[in-house]
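**Q** If you're matching positions, the sequence shown starts at 4 in my numbering and goes up one per residue. To start, I am sharing the structure in question, which I have written as C-alpha cells.
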Amino acid sequence: MSEQVIINATDVNKTFQVKAGEVNAINSVSFTANRGEVTTIVGPSGSGKTTLLYVVGSLEKPESGSIEVAGRDILDSGTNLVRYRRENIGFVFQFFNLVPTLTALENVMLPMDLAGIRPDEQRRRATELLDRMGVKDRLLKAKPTKMSGGENQRVAIARALANDPDIILADEPTGNLDTATGSTVIDILSSLARENDKCVLMVTHDESILAVSDRAFHMVDGQLSEIIL
Ligand SMILES: Nc1ncnc2c1ncn2[C@@H]1O[C@H](COP(=O)(O)OP(=O)(O)OP(=O)(O)O)[C@@H](O)[C@H]1O
Ligand SMILES: [Mg+2]
Numbered sequence: 004m005s006e007q008v009i010i011n012a013t014d015v016n017k018t019f020q021v022k023a024g025e026v027n028a029i030n031s032v033s034f035t036a037n038r039g040e041v042t043t044i045v046g047p048s049g050s051g052k053t054t055l056l057y058v059v060g061s062l063e064k065p066e067s068g069s070i071e072v073a074g075r076d077i078l079d080s081g082t083n084l085v086r087y088r089r090e091n092i093g094f095v096f097q098f099f100n101l102v103p104t105l106t107a108l109e110n111v112m113l114p115m116d117l118a119g120i121r122p123d124e125q126r127r128r129a130t131e132l133l134d135r136m137g138v139k140d141r142l143l144k145a146k147p148t149k150m151s152g153g154e155n156q157r158v159a160i161a162r163a164l165a166n167d168p169d170i171i172l173a174d175e176p177t178g179n180l181d182t183a184t185g186s187t188v189i190d191i192l193s194s195l196a197r198e199n200d201k202c203v204l205m206v207t208h209d210e211s212i213l214a215v216s217d218r219a220f221h222m223v224d225g226q227l228s229e230i231i232l
C-alpha cells in the first residue's frame, strides 16, 4: 500500500467577516494526508473542521497559504476548480445531500453526467458502485425519502465515487446515523482507503473513529495539532 502524500497544505488561513468583526476559521494550518489512509480531524463545534474540508475541496477560498493536491497548488489562479473538484474530490456529508427528486441510481449517475460520460456507461458504473456499497437492487429506483439514513449514506458514498476521485472528504459522515449503521459506514470508508488506495479525510465529533484512523489531528479555534495514535 502506498503511503504517498496527496494533500499538502501549508500555512492556510481562512477568515470570515461577520457583524461582530472577523472569525479566523482556519488559523495557520499545515498538514499532509496520504493515499491509502484514513486521516481524521476531531474537535469541538465551531473549531473550523468543515471550513478546512471546504478549503481542500475548493468550495471555500482561503486568504493565504498553499494547498498542493497531487503536486499542484489548487490556489494557483490557473487551476480550473470545477475540473479539479470533479476529477479529484468526492464529498460525503452528515445529511447526505442527495437530490430529493432523483432516484438512488440517478443520484450516482449525476456527477458522471456532468463529466460528460455516456448514459449507458453512467448507468453501468452507478449500478456497480451501488452494488459495491451494499445498496439493495430494489432501492435503485427509490428516492432518498424512501430510504433509511444508512441507505442514504451508502448512496452518497457511491455518488462520491462516481468519477473515481483519489480523495474522499467526509464531513461528519456518521453524525446522523445510529452506532451500528455508523460503524458500517466507517468500515466502508476505511476499506476505500486500504483497498482502493483512496485518501479519506474525515471530520467528526466521534472520537471512537480514531481507532480506525491512520493519522489524526485535533482542531481547536482554527488550529490543528497532530494526535499521536
Ligand atoms: N460562511 C460563513 N460565514 C461566516 N462565518 C462562518 C462561515 N462558515 C463558518 N463560519 C465560522 O467559522 C468558524 C468555523 O466554522 P466551521 O463550520 O468550520 O466549524 P466546525 O468545526 O465544522 O463546527 P461543527 O462541528 O459545528 O460543524 C465558526 O466560528 C463559524 O461560525
Ligand atoms: Mg462542521
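In this text, a Cβ means the ideal position worked out from N, Cα and C, and glycines have one as well. All values derive from a computational prediction rather than experimental measurement.
Can you give me the start and stop residues for the alpha helix (DSSP H) that lysine 52 sits inside?
**A** Your numbering for residue 52 matches position 49 in the sequence shown. Looking at the DSSP string, the run of the alpha helix (DSSP H) that includes lysine 52 is 52-59.
**Q** Am I right that asparagine 179 and glycine 152 are in contact with their C-beta atoms under 8 Å? What's the rounded C-beta distance?
**A** One-based indexing of the sequence shown puts residue 179 at position 176. One-based indexing of the sequence shown puts residue 152 at position 149. So it is a contact: roughly 6 Å between Cβ atoms.
**Q** Which residues in the same chain as leucine 164 place their Cβ atom closer than 7 Å to its Cβ, once the five residues preceding and following it in sequence are excluded?
**A** On the sequence shown, position 161 is the one that residue 164 refers to. Closer than 7 Å at Cβ, skipping near neighbours: Gly93 and Leu132.
**Q** With aspartate 190 as the anchor, note down where its alpha helix (DSSP H) starts and where it stops.
**A** For the purposes of this step, residue 190 is identified with residue 187 of the sequence shown, where counting begins at 1. 182-199 is the extent of the alpha helix (DSSP H) around aspartate 190.
**Q** Is the beta carbon of valine 223 sitting closer than 8 Å to the one on proline 47?
**A** Indexing the sequence shown from 1 puts residue 223 at position 220. Indexing the sequence shown from 1 puts residue 47 at position 44. Contact: yes.
**Q** Can you list, in chain order, the residues of its chain with a C-beta nearer than 8 Å to that of methionine 4? Leave out the 5 residues immediately preceding and following it.
**A** As a working mapping, residue 4 is identified with position 1 in the sequence shown. With a pLDDT of only 44 at methionine 4, under 50, the local geometry of the prediction cannot be trusted, and the value read off the model is given with reservation. So the qualifying residues of the chain are Gly39, Arg197 and Asp200.
**Q** Can you tell me which residues form a DSSP beta bridge with methionine 205?
**A** Position 202 of the sequence shown, counted from the start, is the residue given in the question as residue 205. Per DSSP, Thr43 and Ala173.
**Q** Figure out for me which residue from Val85, Ala161 and Tyr57 has the closest Cα to the Cα of glycine 127.
**A** The count along the sequence shown starts at 1 and reaches residue 127 at position 124. Note on identity: in this sequence residue 127 is arginine, with glycine being the wrong assignment. Ranking Val85, Ala161 and Tyr57 by Cα distance to arginine 127 puts Ala161 first.
**Q** In terms of DSSP beta bridges, what is glutamine 20 paired with?
**A** By one-based count along the sequence shown, residue 20 stands at place 17. Glu25.
**Q** How far does the alpha helix (DSSP H) with leucine 113 in it extend, from its first residue to its last?
**A** Counting from 1 along the sequence shown, the entry for residue 113 is found at position 110. That run of the alpha helix (DSSP H) goes 107-117.
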